[in-house]
């Protein structure tokens with residue numbers, strides 16, 4: 001179940017690309033989102 005939850009950030013990114021939810025600098029948005037998700041997974045594992 002946890003492995004399936006790992007795909008949720010990818011689905012969110014694909015939806016954001018499709019819907020145009022990114023700001024003028026999409027690279028920054030992607031890096032910030034994936035970094036926050038990585039920290040969330042690290043904290044949940046401890």
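Numbering (UniProt numbering), first residue to last: 1 to 46. C-beta atoms are modelled at their ideal positions from N, C-alpha and C, and glycine is treated no differently. As the structure is a prediction and not an experimental result, all values here were calculated from the model.
- Shown here for residue 43: not one same chain residue has a beta carbon closer than 7 angstroms to its own, the five before and five after excluded.
- A distance below 6 angstroms between beta-carbons, with the five flanking residues on each side excluded, links residue 13 to no residue of its chain.
- Taking residue 29 as the centre and dropping the five residues before and after it, the same chain places the C-beta of 22, 23 closer than 7 angstroms to its C-beta, in chain order.
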